[in-house]
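Visitor: Dumping the structure here so I can ask a few things about it.
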Amino acid sequence: MEIKRVFDLLELNTNKFAKPDLLAGKYNGEWVKFSTQEVVDTANKISFGLLKLGIVKEDKIGLMSPNRPEWNLVDFGTQQIGATLVPMYPTLSEQDIKFIINDAEIKTVFVANQELYDKIAKVKSEIPSLQAIYSFDTIEGVKSWNEVIELGKDGDLAILAEHKAKVQPDDLLTLIYTSGTTGNPKGVMLTHNNLVTNFVNSSVFYPRPFDKALSFLPMSHIFERMVVYMYFYMGISVYYAESLETIVANLQEVKPDGFTTVPRLLEKVYDKIVAKGAELTGIKKTLFFWALNLGLRYENDGKNGWWYEFQLKIANKLIFTKWREALGGNIKALVSGGAALQPRLARVFWAAGIPVLQGYGLTESSPVISVNGLGKDENRFGSSGTVLTGVEVKIAEDGEILARGPNIMKGYYKRPDLTAEVIDKDGWFHTGDIGVLEDGKFLRITDRKKEIFKTAGGKYVAPQILENKFKESLIIEQIMVIGENERFPAALIIPSFPNLKEWCTIHNIEYTTNQEMVKHPKVIDKFQREIDKYNQDFGQWEKVKKFEVLPYEWSIDGGEMTPKMSLKRKVIMQKNQELIEKIYRSNDSHAEA
């Protein structure tokens, strides 16, 4: 059957993929599975319940919850009556919550638990449109989402069919508020057609057969949400991890065929694997690093030649099989998005039989613009793959990537002024990213247009390229390159604390706190050597000349990182103003300009 609206996926699954575990979540230590029929029946009851509560087409429903099956059930229930779902990330500030609910004029909000209920209840008196808050968890004195299901249990399916028939492909499916680095969040208007074309055209890059996926990236972002729709489109069961902390255990329990991730998590997985390899001794250690170095030279489509392929078979049997087992043993493909993936990581995971498909896109493009595939000449390391069918891409004179197609948003909600800034009169969406089309086929992102800076000497520096290179160091967890209008680039560095502590132990360096450790002369000298090593790949004007090592990690809760784990550069600059002053205004820093 042809899918025209996202909720058509329910009929598709009923007719073609009916199974006992379309969705699964872990409750009180036990996996609870939701069959296709249960998903359809519950979504229908929610649709009827919302209708009885007076929700009509184009009304807005809020949803604030980590990933769990209830998320999808409320989503489908909302869609089927033509209402619009507005997901909110669980760590939003009260100020943003109040702004979003008021801006979207949300009538009903579903929350996961007590903590999120309290967040919204605090500001409810300042939100005139909000009529009710329902919770997935049972909370005394708080309306349960089961009340909505109960309200809708005797609904007439013929009436629901009439409501569904009124929903058109170009109708608003969802409003996704993207956190602006300055000012209030912007509501990105995405239609059914935006998402349907995106998951249908992305699915051709996915391996088959593919039975189960683990999901842990937030559904409140369009990346994971679109991919979960794609799983439904392909008849794949979706199992929700309990949290980021439980991923390793959940992988062993679910043994999925794949999952989506962000580069930062893959970097952590890789660093842990290398750290374990370093603990080995004798022949085991030698074999481990032989296999690792072999993997780092991997090229696709047998380009390394027969001798390399022969060695790789041995490495796979002896070493890489353990890597695959650590991810559950069944991985057919991982999809990476949200930031640039270091090519060396892509190479080594592909060599280990764990293909990582890097893609590119933005919330405004639903989100995929391009993605790498598994087939011959469908993947190029360091690129974001080939442009999706139906999507056009061109590179502007200043290098900015422009995109046009059925995946591009309707605009920013209530903000035609902001919409006009990013979508020109010919329908081209200006992504704000700089890139090139290699061989007219593979899209390579080089930097964010706004993040490229000019030094006082008039030279342009692309910080992300430098940062990605420096993160190859085992002792550098995070790094931000700075230097706009300054004489030279510099860097703020967050160490990989486990690896740095291990290095300190080996070199008999004594300290009592992280602050003491990162200020130790031998530690500073070690970082200087790492910076010197990775600086070699860059021109004189873009080399990092000075740096400061920070004693704590950047985080989402700390406000330095976005929910998709990219750096909030302005926040980091503001929080470290004194250090930056020290780098550029004093001569006592530990590197020569």
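640 is the number of the first residue of the sequence shown in our numbering; add one for each residue after it. Ideal Cβ placement from N, Cα and C applies to all residues, glycine included.
(1) Pairing CB atoms from the stretch 1068 to 1085 with CB atoms from the stretch 1038 to 1052, are three or more of them under 8 Å?
(2) The alpha helix (DSSP H) that contains Thr1094, what's its start and end?
(3) Might you give, ordered along the chain, the residues of its own chain that have their beta carbon closer than 6 Å to the beta carbon of Lys858, omitting 5 neighbours on each side?
(4) Which residue comes first and which comes last in the alpha helix (DSSP H) that contains Ile685?
(5) Using C-beta distances below 6 Å, list every residue in its chain close to Val995, excluding the 5 sequence neighbours before and after it, in chain order.
(6) When burial is assigned at 16 or more other CB atoms within 10 Å of the CB, is Thr747 buried or exposed?
(7) Determine, using beta-carbon pairs with one atom in the stretch 996 to 1004 and one in the stretch 1012 to 1022, whether at least three such pairs fall under 8 Å.
(8) Are there three or more Cβ pairs, one per stretch, closer than 8 Å when the stretch 845 to 856 is compared with the stretch 885 to 904?
(9) Do the stretch 807 to 818 and the stretch 723 to 735 touch if we need at least three Cβ pairs shorter than 8 Å?
(10) For the beta strand (DSSP E) that Ser1009 lies in, which residues bound it at each end?
(11) Using the Cβ count rule (16 or more neighbours within 10 Å means buried), how would you classify Met640?
(12) Hey, is the stretch 935 to 946 in contact with the stretch 1143 to 1155, meaning 3+ C-beta pairs nearer than 8 Å?
(13) Just grab the DSSP bridge partners of Ser1112 for me.
(14) Since His1159 is in the beta strand (DSSP E), which residue starts that stretch and which ends it?
(15) Please state whether DSSP places Phe927 in a helix, a strand or coil.
(16) Applying the criterion that 16 or more other CB atoms from any shown protein chain within 10 Å of the CB defines a buried residue, is Asp1086 buried or exposed?
(17) Identify whether Gly916 lies in helix, strand or coil by the three-state DSSP scheme.
(18) To the nearest angstrom, report how far apart Ala991 and Leu1105 are at their CA atoms.
(19) I'd like to check one pair, Ile739 with Ala722: are the Cβ atoms closer than 9 Å?
(20) Given a cut-off of 9 Å, decide if Val750 and Phe775 are closer than it, judged by their beta-carbon atoms.
(21) By DSSP, does Val762 sit in helix, in strand, or in coil?
(22) By Cβ distance, which residues of its chain are closer than 8 Å to Val901, with the 5 residues on each side in sequence left out?
(23) Nearest CA to the CA of Glu1181: which residue from Tyr1099, Glu733 and Leu1189?
(24) If distances are taken between C-alpha atoms only, which option among Pro1006, Leu935 and Lys961 comes closest to Pro982?
(25) Just the C-alpha distance for Leu799 and Ile685, rounded to the nearest angstrom, thanks.
(26) For His831, report the span of its alpha helix (DSSP H) as first-last.
(27) Using three-state DSSP, classify Pro1134 as helix, strand or coil.
(28) In chain order, which continuous runs of the beta strand (DSSP E) of length 3 or greater are located wholly inside the stretch 713 to 738?
(29) Alpha carbon to alpha carbon, how far is Leu890 from Gln950? Give it in angstroms, no decimals.
(30) How long is the line joining the alpha carbons of Leu1218 and Lys1184, rounded to whole angstroms?
(31) Which residue comes first and which comes last in the beta strand (DSSP E) that contains Gln997?
(32) At the level of alpha carbons, what is the spacing between Asn1138 and Ile1114?
(33) Where does Arg1126 land, buried or exposed, given buried means 16+ other C-beta within 10 angstroms?
(34) Quick one: is Gly1122 buried, meaning 16 or more other Cβ sit within 10 Å of its Cβ, or exposed?
(35) Nearest-angstrom Cα distance between Ile886 and Lys1064?
(36) Hey, Val1233 and His831: beta-carbon distance below 9 Å or not?
Guide: From the atom records:
(1) yes
(2) Taken as a continuous stretch (DSSP letters only), Thr1094 belongs to no alpha helix (DSSP H), as it is neither H nor E.
(3) Just to set this straight, residue 858 is Met in the shown sequence, not Lys. Here the set comprises Asn706, Trp710 and Arg864.
(4) Thr675 to Lys691
(5) Leu973, Ser975, Ala985 and Phe988
(6) buried
(7) yes
(8) yes
(9) yes
(10) Val1007 to Val1010
(11) exposed
(12) no
(13) None; Ser1112 has no bridge partner.
(14) Where His1159 is concerned, there is no enclosing beta strand (DSSP E), given that its DSSP letter is neither H nor E.
(15) helix
(16) buried
(17) helix
(18) 26 Å
(19) no
(20) yes
(21) helix
(22) Leu856, Ser975, Gly976, Gly977, Ala978, Lys1203 and Met1204
(23) Tyr1099
(24) Leu935
(25) 11 Å
(26) His831 to Ser842
(27) strand
(28) 723 to 726
(29) 29 Å
(30) 15 Å
(31) Val995 to Gly1000
(32) 6 Å
(33) exposed
(34) buried
(35) 45 Å
(36) Nothing about residue 1233 can be reported from this structure: the residues present for the chain run from 640 to 1232 only.
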